[in-house]
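Working notes for the structure below.
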Amino acid sequence: MQEPEGYRAPPRRRKRWFYGWTIVIVLSVISFAGGVETNPVLGVFQGPMTDEFGWSRALYTLPMSIGSFMGGLASLIVGPLMDRYGSRIIMTVAIALMGLTFVLMGAVQELWHHFALQILGRTVIASTFFMVIGVVIPKWFIVMRGRAGALANLGQRVGQIAFPVMVERILTVGSWRTAWVAMGITVWASSLLPALLFLRRQPEDHGRLPDGVDIRDAGRQGRRAPPVEVAFDRRMALRSAAFYLIAAAVSIQSFVTTSIHFHWYSYLTDIGVSSEAAVISLSLSPLISMPVSILAGLAAERVPVQRLMALSYYFMAASIVLFLFSDNALLSYAFGLLFGTATGILFTVMNIIWADYFGRASIGGIRGMVSPIHMLCNSLGPLTAAWSFDATGSYLLIFTISAALSAVGGTLILLARRPRLTDG
Numbered sequence: 000m001q002e003p004e005g006y007r008a009p010p011r012r013r014k015r016w017f018y019g020w021t022i023v024i025v026l027s028v029i030s031f032a033g034g035v036e037t038n039p040v041l042g043v044f045q046g047p048m049t050d051e052f053g054w055s056r057a058l059y060t061l062p063m064s065i066g067s068f069m070g071g072l073a074s075l076i077v078g079p080l081m082d083r084y085g086s087r088i089i090m091t092v093a094i095a096l097m098g099l100t101f102v103l104m105g106a107v108q109e110l111w112h113h114f115a116l117q118i119l120g121r122t123v124i125a126s127t128f129f130m131v132i133g134v135v136i137p138k139w140f141i142v143m144r145g146r147a148g149a150l151a152n153l154g155q156r157v158g159q160i161a162f163p164v165m166v167e168r169i170l171t172v173g174s175w176r177t178a179w180v181a182m183g184i185t186v187w188a189s190s191l192l193p194a195l196l197f198l199r200r201q202p203e204d205h206g207r208l209p210d211g212v213d214i215r216d217a218g219r220q221g222r223r224a225p226p227v228e229v230a231f232d233r234r235m236a237l238r239s240a241a242f243y244l245i246a247a248a249v250s251i252q253s254f255v256t257t258s259i260h261f262h263w264y265s266y267l268t269d270i271g272v273s274s275e276a277a278v279i280s281l282s283l284s285p286l287i288s289m290p291v292s293i294l295a296g297l298a299a300e301r302v303p304v305q306r307l308m309a310l311s312y313y314f315m316a317a318s319i320v321l322f323l324f325s326d327n328a329l330l331s332y333a334f335g336l337l338f339g340t341a342t343g344i345l346f347t348v349m350n351i352i353w354a355d356y357f358g359r360a361s362i363g364g365i366r367g368m369v370s371p372i373h374m375l376c377n378s379l380g381p382l383t384a385a386w387s388f389d390a391t392g393s394y395l396l397i398f399t400i401s402a403a404l405s406a407v408g409g410t411l412i413l414l415a416r417r418p419r420l421t422d423g
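In structure tokens:
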């Protein structure tokens, strides 16, 4: 049909880049840097430092455990602050402190140096790095929350591949002191400026709604309506049975995965697997978890997140049973792949389930309430495994318990019925 003379079609509005994807990229970079203070990396330092100073494994592990619990307590404050003010300043300070902690670890001479620095490092990472993706991503995405969360978590997977290999290689040609300093500088160089320059609180502050919906278009005829989700506050969440079931399940997960990750390298090398094969096993886990986490994120947009999370727990239980028999390189590689598959699903959907069940408005505060018990279990995992080893000379007992606990966690998740606002 020919347009009337003098008619001008209204100009098409160019589709703007949704800043939420910038947030995803920045969070992925930050999670990469956070990989330095995770248990697979700290576990690689355990051997050379305990050998040089004559510390027991429990003594080496204790400050990390104390710091993890203190970080959980700090999350009671940090979570609501992220809700209210955003994460830019909080994460910039956290990254600066994390890098400083690692650089100073290169100068440790006394046990109290190790305690002071590792308590600080674990407090920082537990209260900020472990929370930021689960708090920030739900504020920017609802419909595409699964894929966004999976992409943001990729950085940590890359860090868990790169940093243990980096430390093991430096230990081969140099010293553990050099390795600490090198990773501290890597933290600063990779993530300090991105966090300071690009992190933002929520899309509404910039004229957008979650998933890139323009506020000006919301509600217009023929336009895509913004998604609607529940909005629980902390008081309402505490009155929901699902809150306690999920909290118990993620606390179990924290105990199990930290004990495995921290003592993975030591366990394999103790039973005769070479250090090179042990590091490859460690690296295979995050390597396979990267594509698995993307698939899990996409699946979480279509399949109830509760089912995916329960599946990951049962799969983890089976993989730990294999770990008990991994006395050669091939079996250790198989365990790395299976455990990485389980954690690839779990660490993705664990950041989604809170927002899916309770909404995004108070997500930082709600997760902050869970964090003390979550991080207490995080702290007890490596420490209990170290005590078990020191007492029995073996990891058999603690890893058998870990497999059983994983199966229990999956059952708790299946029992966690999605709450309704009327329940609170």
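Note that numbering that gives the first Met the number 0 has the sequence shown beginning at 0, numbered continuously upward. A virtual CB, placed ideally from N, CA and C, is assigned to each residue, including glycine.
Query                                                                                                                                                                             : Result
Output the distance between the C-alpha atoms of G221 and A147, rounded to the nearest integer angstrom.                                                                          : Bear in mind that a pLDDT of 47 at G221, under 50, signals an unreliable position, so the number given afterwards is only what the model happens to contain. Approximately 26 Å between the Cα atoms of the pair.
By Cβ distance below 6 Å, which residues in the same chain neighbour G105 in space, the five residues on each side in sequence not counted?                                       : R176, W179 and V180
Between N350 and chain B, is there a C-beta pair that is closer than 8 Å?                                                                                                         : Chain labels in this structure do not include chain B; a single protein chain is all it has.
Considering just the uninterrupted stretch of the alpha helix (DSSP H) at V369, what are its terminal residues?                                                                   : I362 to T391
According to DSSP, is R301 helix, strand or coil?                                                                                                                                 : coil
In whole angstroms, what separates the C-alpha of R144 from that of T49?                                                                                                          : 43 Å
N350 lies in the alpha helix (DSSP H); which residues open and close that run?                                                                                                    : A328 to F357
Among all the DSSP beta bridges, which residues are the ones paired with R207?                                                                                                    : D213
Kindly list the residues whose CB is nearer than 8 Å to the CB of I272, restricted to its own chain and excluding five residues on each side of it in sequence; keep chain order. : Inspection of the sequence shows that residue 272 is occupied by Val rather than by Ile. Counting only Cβ-Cβ distances below 8 Å, and skipping sequence neighbours, we find S280, S325, D326, N327, A328 and S331.
For the 8 Å Cβ check, are there 3 or more pairs between the stretch 302 to 320 and the stretch 402 to 412?                                                                        : yes
Report yes if the C-beta distance between R306 and A194 is below 8 Å; otherwise report no.                                                                                        : no
Select from I76, A240, V348 and T91 the residue whose C-alpha is nearest the C-alpha of I293.                                                                                     : V348
Given that a residue counts as buried once 16 or more other Cβ atoms are within 10 Å of its Cβ, and exposed if not, what is G367?                                                 : buried
Which class does E2 belong to by DSSP, given the choice of helix, strand or coil?                                                                                                 : Below a pLDDT of 50, predicted positions are generally treated as unreliable, and E2, at 44, falls in that range; the measurement from the model is reported next regardless. E2: coil per DSSP, three-state reduction.
Which of helix, strand or coil does DSSP assign to V77?                                                                                                                           : helix
In chain order, which alpha helix (DSSP H) runs of at least 4 residues are fully inside the stretch 118 to 155?                                                                   : 129 to 139
Which same chain residues, not among the five before or five after H205, have their C-beta less than 8 Å away from its C-beta?                                                    : Y18 and R199
Helix, strand or coil: how does DSSP classify Q220 here?                                                                                                                          : Bear in mind that a pLDDT of 46 at Q220, under 50, signals an unreliable position, so the model cannot answer this.
Given a threshold of 16 other Cβ atoms within 10 Å of its Cβ, counted over all protein chains shown, does T410 qualify as buried or as exposed?                                   : exposed
CA-CA distance, A57 and L382?                                                                                                                                                     : 6 Å
Which whole-angstrom value is the C-beta distance of D97 and I124, which I expect to be below 8 Å?                                                                                : What sits at residue 97 in the sequence shown is Met, not Asp. The pair is a contact, with the Cβ atoms about 7 Å apart (cut-off 8 Å).
Within this structure, are the beta carbons of S250 and I412 separated by less than 8 Å?                                                                                          : no
For V186 and I136, what's the separation of their Cα atoms in angstroms?                                                                                                          : 22 Å
Please report how far the alpha carbon of P202 lies from the alpha carbon of P209, in whole angstroms.                                                                            : 6 Å
Just the Cα atoms here: how many angstroms apart are S190 and S378?                                                                                                               : 26 Å
Could you spell out the range, first to last residue, of the alpha helix (DSSP H) harbouring F101?                                                                                : R87 to M104
Which value, in whole angstroms, describes the spacing of the CA atoms of V77 and T127?                                                                                           : 7 Å
Report the three-state DSSP secondary structure of A415 (helix, strand or coil).                                                                                                  : coil
Check S174 in the structure and name its three-state DSSP category.                                                                                                               : coil
Identify the continuous alpha helix (DSSP H) that holds I22 and give its terminal residues.                                                                                       : Y18 to G33
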